[in-house]
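Residue numbers (my numbering): 14 to 352.
To start, the structure under review is shown below, and the notes come after it.
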């Protein structure tokens, strides 16, 4: 006599099943630790082991399934029709109105969905941003709006980030610089320049209008998620996706700074190939970096953390940045249909 389920399919939610941000499966396992966002721990010295430092090796040694914090299982005794969804990203750590998710099913169909009724408008902004990028001469991953979800074409090509990291592994400095040059050209392609005095950094009181810092081109409209991770590369052409955020009067070099910042933060080993400061210097960002970092922290906090919680934690530790954050929240709401 046999017992048990004859068919099973495992899912692996990260960081765990209670508040998942990424959900992998037997057919789609992580290639790196980018999906790993551990819970906030006030005092890391209390940890027996820092999971964030272990996951890269766990993945490389093909033991992710064994060490996953949680798993979900589909079970069946008479059906093999399981594993409909192969991978999902859930932006459930954001404010409610920005919570969207992306799924890839076994037919390789990609769907972007609102995680609640409040975030339907944000999904519509993503769609509109993509269409406007086409008007600037940029290529996008084909997509269409179907009811409350976006359907996108699956592209089995490497992302620009994967190609950049390959260049770091092979120590191809010229290729690294060439790819970042291409990125900056794409960021500025078809964009209308705004007046220098309209710089968002002045409007948010991050810097003063009479500042001697040269911020480069100020774009009247900018898509700040034009990062290497958000585009596929095919035959030398870039195809953009997941362009959720549009802001006005943004220095083009701020978006390039974001690309460099995230790449080096998530892949610290690349600094041994080409130092971060050298790349920052190549694009004359060194004098802008402090202002860009302030804007980045403010933007991130306005999206991910509820402003009351943010202020209560006194994250920045000074009243000046609290005032700046309030300015950004008001500014950002206006640009997205708020009061």
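Cβ coordinates follow ideal geometry from the N, Cα and C atoms, glycine included.
- For residue 126, DSSP records a beta bridge to 114.
- Assigned with DSSP and collapsed to three states, residue 159 falls in strand.
- Cβ contact annotation for residue 176 (same chain, cutoff 7 Å, sequence separation greater than five): 192, 246, in chain order.
- Its Cα nearest to that of residue 237, the residue 197 stands out among 171, 197, 218.
- Under DSSP, residue 235 forms a beta bridge with 260.
- Comparing alpha-carbon positions, the option among 115, 26, 90 lying closest to residue 36 turns out to be 26.
- Judged by beta-carbon spacing, residue 316 lies within the 8 Å limit of residue 108, meaning their Cβ atoms are closer than that value.
- Residue pairing from DSSP places residue 88 in a beta bridge opposite 21.
- For secondary structure counted as the beta strand (DSSP E) over 3 or more consecutive residues, the region 160 to 246 holds these complete runs in sequence order: 162 to 165, 231 to 236.
- Distance between residue 215 and residue 299, taken at the CA atoms: about 18 Å.
- Between the alpha carbons of residue 242 and residue 253 lies a gap of roughly 9 Å.
- In terms of Cβ geometry, residue 136 and residue 178 do not form a close pair [threshold 8 Å].
- For residue 134, the closest C-alpha among the options 273, 112, 149 is that of 112.
- Across the structure, residue 68 and residue 278 are spaced so that their CA atoms are roughly 16 Å apart.
- The straight-line gap separating the alpha-carbon atoms of residue 95 and residue 221 is approximately 58 Å.
- Non-local beta-carbon contacts of residue 263 in its own chain, meaning distances under 6 Å to residues more than five positions away in sequence, involve 213, 232, 235 in chain order.
- For residue 144, the uninterrupted alpha helix (DSSP H) segment begins and ends at 133 to 148.
- Inter-residue distance for residue 20 and residue 91 is about 8 Å (C-alpha atoms, whole angstroms).
- By the neighbour-count definition (other C-beta atoms within 10 Å, threshold 16), residue 210 is an exposed residue.
- Residue burial is scored here from C-beta neighbours: residue 88 has fewer than 16 other C-beta atoms within 10 angstroms and is therefore classed as exposed.
- Contact annotation: residue 240 and residue 275 have beta-carbon atoms nearer than 8 Å.
- In this structure, residue 72 lies away from residue 29, with their beta-carbon atoms at least 8 Å apart.
- Here residue 282 is not bridged, per DSSP, to any residue.
- An exposed status is given to residue 186, since fewer than 16 other beta-carbon atoms sit within 10 Å of its beta-carbon.
- In the structure shown, residue 83 adopts coil according to DSSP, grouped into three states.
- With 16 or more other Cβ atoms inside 10 Å of its own Cβ, residue 270 counts as buried.
- At the C-beta level, residue 202 and residue 149 come within 8 Å of one another.
- Boundaries of the alpha helix (DSSP H) harbouring residue 291: 289 to 295, taken from the DSSP string.
- Scanning its chain for C-beta atoms nearer than 7 Å, with the 5 sequence neighbours on each side dropped, one finds around residue 266 the residues 228, 229, 296, 298, 301, in chain order.
- The Cβ-Cβ distance between residue 117 and residue 167 falls below 8 Å.
- By the neighbour-count criterion, in which 16 or more other beta carbons inside 10 Å mark a residue as buried, residue 160 falls on the exposed side.
- Between residue 42 and residue 77, the gap from beta carbon to beta carbon is short of 8 Å.
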